[in-house]
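Colleague: Can you read through this structure? Questions will come right after.
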Amino acid sequence: MTSGNFKRDEANKLKRLHLGWRRPRGLHNKRRLHRKGHAKWPSPGFGSSSENFGKIKGLIKVRVFNISDLEKLDSKKNIIEIASTVGTKKRLQILEKAKQFKIVGINDIQKYLIEKREKFEKRKQETEKKKEEKEKTKKELEEKEEKEEKKETKEEIKKEELEETKKMTEQKEKIHPKEVGVPEKQKSPQHRTVTGPQKA
176 MTSGNFKRDE ANKLKRLHLG WRRPRGLHNK RRLHRKGHAK WPSPGFGSSS ENFGKIKGLI
236 KVRVFNISDL EKLDSKKNII EIASTVGTKK RLQILEKAKQ FKIVGINDIQ KYLIEKREKF
296 EKRKQETEKK KEEKEKTKKE LEEKEEKEEK KETKEEIKKE ELEETKKMTE QKEKIHPKEV
356 GVPEKQKSPQ HRTVTGPQKA
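Each number in my numbering comes from the position in the sequence shown (counting from 1) with 175 added on.
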């Protein structure tokens with residue numbers, strides 16, 4: 176059993192307590208009293224030998240960030256742990272060159288590489304699709320805006336034409352005003368000259 180199996184008493188009940196091991200000090204604590212059915216207490220019997228203390232399968236764990244870190248290590252003495260901050264692209268490059276080493280959390284390197292590459296390619300395709308969709312939507316929006324601008328310009332031209340026609344009519348009315356409501360002058364009847372009876 177590793178030290179990770181021994182957890183602080185009641186750490187699962189209270190949020191403020193961390194999981195790391197702390198010796199229980201309560202007077203009636205059943206774990207401290209080594210009662211049956213309660214979690215075990217760490218003792219020298221569970222510990223590894225002084226030679227292998229802090230090692231994984233007799234190998235010293237080293238955290239790797241770059242490919243250059245691998246050159247300093249020995250596959251017979253060290254076991255690799257790739258840092259969580261390393262991205263997938265760099266991780267794959269490290270794994271390709273670290274096939275001689277044992278790696279924490281990875282049993283079959285080749286299988287892991289294939290799975291990661293497939294995921295990486297899928298993600299690439301998805302990003303490309305999203306880019307294409309964005310470009311399409313952009314083009315559609317631009318076309319719509321252009322059409323709206325053209326419509327607006329046409330409407331403005333029509334409005335301007337109407338305003339010009341109105342102005343022209345107003346100017347004409349000022350020059351030749353129409354007498355609204357005034358009847359036209361009645362034509363004077365033709366005066367006939369009355370003459371006397373014609374002599375035969």
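Heads up, the beta-carbon is just placed ideally off N, CA and C, and yes, glycines get one too.
Are there 16 or more other CB atoms within 10 angstroms of the CB of Val279, so buried, or fewer, so exposed?
Modeller: Exposed.
Colleague: Check the DSSP bridge columns for Lys277 and list the partner residues they point to.
Modeller: Ile254
Colleague: Does Leu208 pass the burial test, meaning 16 or more other C-beta atoms within 10 Å, or should it be called exposed?
Modeller: exposed
Colleague: Using C-beta distances below 8 Å, list every residue in its chain close to Lys232, excluding the 5 sequence neighbours before and after it, in chain order.
Modeller: Ile254, Lys277
Colleague: Tell me whether Lys304 sits in a helix, a strand or coil according to DSSP, three-state version.
Modeller: helix
Colleague: Between which residues of its own chain and Leu194 is the CB-CB distance below 7 Å, once the five residues before and five after are set aside?
Modeller: Excluding residues within five positions, the ones whose Cβ falls inside 7 Å are Lys182, Arg183, Ala186.
Colleague: Report the rounded CA-to-CA distance for Asn298 versus Ser250, giving the unit in angstroms.
Modeller: The identity of residue 298 in the sequence shown is Arg, whereas the question assumes Asn. If I take the Cα positions, the gap works out to 33 Å.
Colleague: Among residues of its own chain, excluding the 5 on either side of Ile242, which ones have a beta-carbon nearer than 7 Å to its beta-carbon?
Modeller: Gln268, Ile269, Lys272
Colleague: If we call anything under 7 Å between Cβ atoms a contact, is Ile257 one with Val237?
Modeller: Between Ile257 and Val237, the C-beta gap is not smaller than 7 Å, which leaves the two residues out of contact.
Colleague: Just reading off the beta strand (DSSP E) that Lys182 is part of, what are its end residues?
Modeller: Unbroken run through Lys182: none, as it is neither H nor E.
Colleague: Work out the CA separation of Lys314 and Lys306 for me, nearest whole Å.
Modeller: So the two alpha carbons sit approximately 12 Å from each other.
Colleague: Whole angstroms is fine: what's the gap from Thr344's alpha carbon to Glu336's?
Modeller: One C-alpha to the other measures close to 12 Å.
Colleague: Going by the DSSP bridge assignment, what does Ile235 pair with across the sheet?
Modeller: Asn253
Colleague: Quick check: what's the CA-CA separation for Ile289 versus Arg266?
Modeller: 13 Å
Colleague: Alpha carbon to alpha carbon, what distance is there between Thr260 and Leu245?
Modeller: 17 Å
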